[in-house]
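Shown next, in C-alpha cells, is the structure this report addresses.
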Amino acid sequence: MTADAGIAIQISALDKWYGTFQVLKNIRLDVAARERIVVCGPSGSGKSTLIRCINLLEEHQSGHIAVNGIPLDHSVKNIDAIRRDVGMVFQHFNLFPHLTVKENCALPQILSRGTPRKEAEERAMSVLAKVRIPEQAAKFPGQLSGGQQQRVAIARALCMTPKIMLFDEPTSALDPEMVKEVLDTMVALADDGMTMIVVTHEMGFARKVADRIVFMDGGEIVEIGKPDVFFDAPAQVRTQNFLRNIMP
14 MTADAGIAIQ ISALDKWYGT FQVLKNIRLD VAARERIVVC GPSGSGKSTL IRCINLLEEH
74 QSGHIAVNGI PLDHSVKNID AIRRDVGMVF QHFNLFPHLT VKENCALPQI LSRGTPRKEA
134 EERAMSVLAK VRIPEQAAKF PGQLSGGQQQ RVAIARALCM TPKIMLFDEP TSALDPEMVK
194 EVLDTMVALA DDGMTMIVVT HEMGFARKVA DRIVFMDGGE IVEIGKPDVF FDAPAQVRTQ
254 NFLRNIMP
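Residue numbers (our numbering): 14 to 261.
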C-alpha cells in the first residue's frame with residue numbers, strides 16, 4: 014500500500030478488538046500533508062485508540078495504515094521509519110522527574126538518534142524557545158505548572174523533528190487556567206504547517222484550527238466535516254446530540 018501524493022496518513026477498513034469487544038469498526042480516513050484534523054466524540058468512542066494505532070502503540074487486527082507511503086505492518090524497519098516521522102503528546106506529561114527540562118528534551122535525541130550532546134542541547138533550547146519556556150530549561154518537571162509541563166512534552170516531541178504530530182487529549186489533565194497556554198502552543202504549531210491529528214473536547218480550538226472535524230461514536234466515524242458545517246449544520250443525529258450536550 015502506498016500513499017497518494019500529498020497524503021500523510023491513509024487508514025482503510027481498520028478494525029480493532031479488545032477480546033470480543035470491537036473498539037474500532039471499519040475506519041477509513043485520509044489525512045493530507047499539513048492538514049489539521051480534530052477527532053471528537055463521547056468517552057469510549059475509540060478516539061484515543063485510533064490515533065494510538067497510527068504509530069503502533071495499539072495493534073489493529075485488520076485493515077491498513079500507511080504513513081507517508083510507508084505501510085504499518087510487522088516490519089521493524091517500517092515501524093521505526095513511521096515512529097521517526099510521528100510525534101505524540103499524551104494526556105499525562107510522562108517527563109522524567111529526575112532530569113531537567115533541557116535534559117528531558119535532549120536525552121531522547123541522544124539515545125534514539127545518536128545526536129551529539131551539544132547539538133541535542135542546542136536543539137532543545139531552540140524548541141523550548143519555540144514553545145515559549147526557555148527560561149524553564151534548568152528546572153525539574155516538579156517545579157513547573159501542569160501547562161508548562163505539557164509544553165515541555167510538546168517540545169520533547171518536536172525535538173525529534175516529526176512530520177506529523179498526534180495529540181491525545183493534551184489538555185484533559187490540566188486545570189482550566191492552564192489550558193489556554195497549551196492550546197496557544199498547538200495553534201502556533203498549526204500555523205507553522207504541521208500535520209496534526211488532535212483528540213480533544215476543546216471545541217473552540219477545533220473551530221479555530223481544524224481543517225476537518227471527525228466525529229466518532231461507538232467505534233465508528235459517524236461524520237466528517239469542515240468546522241462551519243460540523244458546528245452549524247451537522248448531518249447526523251448522533252452528532253447533533255453530542256454537540257447539544259457539550260456546547261454552551
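Cβ atoms here follow ideal geometry from the backbone N, Cα and C, with glycine treated the same way.
Small disclaimer: the values here were computed from a predicted structure and weren't measured.
Check, Outcome
"As assigned by DSSP and simplified to three states, the class of Ile146", "coil"
"Straight-line gap, Pro189 to Thr252 (C-alpha atoms, nearest Å)", "25 Å"
"DSSP state of Glu116 mapped onto helix, strand, coil", "helix"
"Opposing strand residues paired with Pro84 [DSSP bridges]", "Ala79"
"Proximity below 8 Å, CB of His105 to CB of Ala170", "no"
"Test item: CB-CB of Leu41 and Asp224 under 8 Å", "Correcting the residue identity first, residue 41 is Arg in this sequence and not Leu. No. Outside cutoff."
"For Glu236, the residue or residues it bridges with in DSSP", "Phe228"
"Proximity below 8 Å, CB of Ile24 to CB of Ile78", "yes"
"Of the residues Phe228, Gly59 and Ala166, the one placed nearest Lys115, counting alpha carbons only", "Ala166"
"Cβ neighbours of Phe243 in the same chain (closer than 6 Å, five flanking residues each side left out)", "Ile226"
"Span separating the alpha-carbon of Asn254 from that of Arg220", "18 Å"
"Opposing strand residues paired with Gly100 [DSSP bridges]", "Met178"
"C-alpha distance - Trp30 paired with Gln149, whole-angstrom precision", "42 Å"
"Bridge partner(s) assigned by DSSP for Met209", "Arg49 and Met178"
"Ser58 beta carbon less than 8 Å from that of Asp205", "no"
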